[in-house]
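Read through the structure below, which is laid out as structure tokens, and then see the notes.
Protein chains: 2
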Amino acid sequence: MNPTIKDVAQKANVSIATVSRVLHNLGGYSDKTKQKVDQTIKELKYQPNAIARGLINKRTQTIGVLFPDVSSAFSSDLLHGIDEFVHNHNYSVVVCNTDQDGKRTLKYLQLLREKQVDGILFSSEALKKEYYDLLEDMRIPVVLISSQTDFPNVPYVKINDFQAAYDAVDYLIIKGHRRIAMISGTRGDPIAGTPRIEGYRKALEAHGIAFNSSYLTYGDFMYESGSRAMKTILQKAPEVTAVFAASDEMAIGALSTAIQHGLNVPEDISIMGYDDLRLARMVNPPLTTVRQPLHDIGMIASEKLIHMIESGEIAQSQICAHSIVERQTVRTIT
Amino acid sequence: MNPTIKDVAQKANVSIATVSRVLHNLGGYSDKTKQKVDQTIKELKYQPNAIARGLINKRTQTIGVLFPDVSSAFSSDLLHGIDEFVHNHNYSVVVCNTDQDGKRTLKYLQLLREKQVDGILFSSEALKKEYYDLLEDMRIPVVLISSQTDFPNVPYVKINDFQAAYDAVDYLIIKGHRRIAMISGTRGDPIAGTPRIEGYRKALEAHGIAFNSSYLTYGDFMYESGSRAMKTILQKAPEVTAVFAASDEMAIGALSTAIQHGLNVPEDISIMGYDDLRLARMVNPPLTTVRQPLHDIGMIASEKLIHMIESGEIAQSQICAHSIVERQTVRTIT
DNA sequence: CTGAAAGCGCTTACAG
DNA sequence: CTGAAAGCGCTTACAG
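Going down the list, the protein sequences come from chains A and B.
Using this note's numbering, the letters of the first sequence map in sequence onto residues 6 to 339.
Using this note's numbering, the letters of the second sequence map in sequence onto residues 6 to 339.
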């Protein structure tokens, strides 16, 4: 078996207490003992057992991360930021893929509790009362990512979805578009759905453009749904000059469909996305979109969570800045 | 604090040994005690502490996963398969992003050792002696994903890279192409580099086409490098009718560059990728590519690892089937 | 059918 | 400066 603290204590002729002390630079030992201990640690290739340590410290130095879909580009950008920050601060991350399935979410929350994670990052899903209650019970900090809640003590980090959508549509209008369709995300989604629709409507309104309900379609944020929505738009509202999609994936689905229907983008129709995934730069033409700084959001959320873990204080929610990234899918109408 | 086994024992008027027994359905207690215990567990909302359990069982029910880049589409497809299998078998996964940096790899391996993971999934990187030695020391099973090794007792799961590249180029040749360029991955990469180049060369050879060294360029698997390589090809070898890239990202980079240079794909130039990421379907035109079943590879590797953990046996390596996915970036030359 | 006790590998007062 | 001992929350022989 791997050597334990006992083994090094024996070999170095000291007590395990002393070994523990030099391990943690706690002082209270002579230089000579320190050297002896350090050396036997090396000889034995001793590495402390984090599990034993966790049991006694009631800290596992690990945080749990819940994603609705780990394999989405959205999640992986976030995960990258999270992983970076978390590892640099001596924590590890265990990931759970909830598959936007309420049952699994609850199951995973329980699992994370058993594994005694020190905190939880909860992404892209509304925090149901059921979850909140369990979380309360667990007495560990949580921070929400790209989501929002009114429950006390659970901070979130996200962009202002209303404003971002507003700005996107405003941008389109300023470019001369007036007949603008929207491909929204999941109908009724309180975070990434409704507020973005509101932004769309208010931007139209601010420019005196009447809202046309046949210009509003729904998808589920994924590529295929963007394709489908675009077909509907092309069929029912061919006069539209621009479409704003509530996710890059849907925008790209719309792009493909437009091209397959023989349209040129942006000459015949303009398309604008939402997210600025790595994807957005890769398609042809490169997608104009509103950027969520996902990597940063992941880092900031991690920072807040770790701060809460270590200080016991409640972190403030944070609204990150979005921006419009101009590429080549929107044309100016004169 | 959360209730412990002691709390339920007290409240149920039994010993902790008995609680533990009913927890594990070990038998050796009356129906009445079982009921009493079950009920107090519910009342107290008791959940066992996996850390304490791990300490004594020397099993943490968690596996470590090392990726060179968690945020790549490649890794996330893999991760999805891994997460699915692993959670269904009562394990959790902690992910580590090595950033293709040897130092971090070693550091993470050590971290995973401290955290006492039961096994490790090591992805997309060559297993250096240094890593192997440490892994030996740790005495836990490892399986390699999309990689390969001669070290004993470490199985891998991947596709046959030589054959897959061969088949891709063979496909292109059968479609009538003879002047075929290749955008290889990292020069000297023993897994995803050299074998794919060999496949390219052998396929040409088998059809009596001379290898032209100016048709072979190098990238690093990423989008930007594919763009750059394509520029070189367009400039130095404009007579080329098809390009085979060793990753979808590079293929898509090449695609974008071709289009930006005013070429039509596949009319003016054909492009073929490698991987079949979700991306491949999303671009325009949709990318013809060689498919690696990444989700399945993730699941199979997880299955092998867990089998090794639980049985102590060494799993067999496995070569998964690749296939050619015909989409719209390759034309037939007659 | 049930409980007392040892022990997993650590940390941390406490005493000297 | 150093060590003996208790204890973290469990599991598992062992004894009855």
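Every residue gets a Cβ at the ideal spot worked out from N, C-alpha and C, and that includes glycine.
- As a beta-bridge residue in DSSP terms, S97/A pairs with T67/A.
- If you draw a straight line from the Cα of G317/B to the Cα of G204/A, it comes to about 58 Å.
- Contacts with chain B at 7 Å (Cβ-Cβ) include I264/A.
- The beta carbon of A57/A sits closer than 7 Å to some beta carbon of chain B.
- At a cut-off of 7 Å between beta carbons, V99/A contacts chain B.
- One finds V99, K120 in chain B with Cβ atoms closer than 8 Å to the Cβ of T67/A, taken in chain order.
- For Y51/B, there are no C-beta contacts with chain A under 7 Å, since the nearest C-beta of that chain is about 11 Å from it.
- Residue contact with chain B for D273/A: absent (no Cβ-Cβ distance below 7 Å to any residue of chain B).
- Unbroken beta strand (DSSP E) runs of no fewer than 3 residues, entirely contained in the stretch 80-146 of chain B, are found at 97-102, 124-128, following chain order.
- Proximity of chain A to D142/B at the Cβ level (cut-off 7 Å) is accounted for by K50, in chain order.
- Per DSSP, I188/A is one residue of the beta strand (DSSP E) stretching across 185-189.
- Shown here for A263/B: same chain residues with a beta carbon closer than 8 Å to its own, the five before and five after excluded, namely M235, L239, V270, D273, I274, I276 in chain order.
- The Cβ neighbour count for F216/A, taken over all protein chains shown within 10 Å, is under 16; the residue is labelled exposed.
- Three or more beta-carbon pairs separated by less than 8 Å link the stretch 169-180 of chain B to the stretch 189-203 of chain B, which places the two stretches in contact.
- In the assembly as shown, E135/B is an exposed residue. Its beta-carbon has fewer than 16 other beta-carbons within 10 Å.
- Nearest in C-alpha terms to S252/A, of all of G32/A, S129/A, P146/A, is S129/A.
- Q323/B and H29/A have their alpha carbons spaced roughly 44 Å apart.
- At a cut-off of 7 Å between beta carbons, M287/A contacts chain B.
- Judged by pairs of C-beta atoms under 8 Å, the stretch 296-303 of chain B touches the stretch 75-82 of chain B, as three or more such pairs exist.
- Taking the Cα of H212/A as reference, the smallest distance to any Cα among T222/A, G190/A, G193/A, Y176/A is reached at Y176/A.
- A residue is called buried once 16 or more other Cβ atoms fall within 10 Å of its Cβ, and I179/B, having fewer, is exposed.
- As DSSP reads the structure, F72/B sits in a beta bridge with N102/B.
- DSSP lists V162/A as the bridge partner or partners of Q323/A.
- When only Cα atoms are considered, E308/B and V91/B end up about 8 Å apart.
- Below 8 Å, enough C-beta pairs join the stretch 325-339 of chain A and the stretch 284-295 of chain A to call them touching: three or more.
- A distance below 7 Å separates the beta carbons of G231/B and G258/B.
- Cβ proximity to chain A below 8 Å picks out S76, S77, A78, S80, S81, D82, L84, H85, D88, E89 from the stretch 76-90 of chain B.
- Across the stretch 243-268 of chain A, CB contacts with chain B closer than 9 Å involve E254, I257, G258, L260, S261, I264, Q265, in sequence order along the chain.
- Cβ atoms of V245/A and I188/A stay farther apart than 8 Å, at about 11 Å.
- Assignment of R296/A by DSSP, reduced to helix, strand and coil, places it in the strand class.
- Considering only S151/B, G59/B, T67/B, the residue with the shortest C-alpha distance to P195/B is S151/B.
- The secondary-structure analysis by DSSP pairs V330/A across a beta bridge with T294/A.
- In this structure, DSSP gives D280/A an extended state, which the three-state scheme calls strand.
- Counting only the Cα atoms, V27/B lies some 24 Å from S97/B.
- Taking a beta-carbon distance threshold of 7 Å, N18/A does not count as an interface residue toward chain B.
- Following the DSSP letters along the chain, one finds L260/B inside the alpha helix (DSSP H) bounded by residues 253-265.
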